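Chemist: In my numbering, the protein residues as written are 54 to 180.
Every residue gets a Cβ at the ideal spot worked out from N, C-alpha and C, and that includes glycine.
All values reported here derive from a predicted model rather than from experimental measurement.
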């Protein structure tokens, strides 16, 4: 499995959640700050029977892309600093898609990713 650096900083006052496709089947997603593993929000996500993933390439885009259904394969507690520098709970999810994401769509979502990282812009966003 590929290793990723999970700790991200705030960019323009917004948290960078480190949402990323590891490959065409595995998506990693950070919850919003303040939504730990024991929160009702995380419980709702985990216990929903049919889970569908929609992403957008960045906050600068308004288009969302339907990626398909997924299962959650890992949920773990983590902490991240908020805008005030206070450590707060988040939840890290690992999701496995039911079907591989189309290669052309995955390439598009990951295009200019290295430049985006250098410019401190955000990676694909899950909703």
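#1: For residue 130 and residue 91, what's the separation of their Cα atoms in angstroms?
#2: What are the partner residues of residue 125, as DSSP defines its beta bridges?
#3: With three or more C-beta pairs closer than 8 angstroms as the rule, is the region 154-164 touching the region 133-146?
#4: Excluding sequence positions up to five away, which residues of its chain have a Cβ less than 6 angstroms from the Cβ of residue 105?
#5: Taking a contact to mean a Cβ-Cβ separation below 9 angstroms, would you say residue 94 touches residue 107 in this structure?
#6: Name the one or two DSSP bridge partners that residue 73 has.
#7: In the structure shown, what three-state DSSP assignment does residue 103 receive?
#8: For residue 127, tell me which candidate among 149, 139, 161 has the shortest Cα-Cα distance.
#9: How about residue 79 and residue 133: do their beta carbons lie closer than 9 angstroms?
#10: Report the residue from 138, 111, 162, 147 whose alpha carbon sits nearest the alpha carbon of residue 81.
#11: With 16 other CB atoms within 10 Å as the buried threshold, where does residue 164 fall?
Modeler: Taking the geometry as given:
#1: Straight-line Cα distance between these residues: approximately 9 angstroms.
#2: According to DSSP, residue pairing for residue 125 in a beta bridge involves 148.
#3: Contact between the region 133-146 and the region 154-164 is absent, because fewer than three Cβ pairs lie under 8 angstroms.
#4: Taken in chain order, the residues that qualify are 122.
#5: For residue 94 and residue 107, no; Cβs fall outside 9 angstroms.
#6: In the DSSP output, where bridge partners are listed per residue, residue 73 has 81.
#7: The answer is coil: DSSP assigns residue 103 none of H, G, I, E or B.
#8: With distances taken between Cα atoms, residue 127 lies closest to 149.
#9: For residue 79 and residue 133, no; Cβs fall outside 9 angstroms.
#10: It is 147.
#11: That one is exposed.
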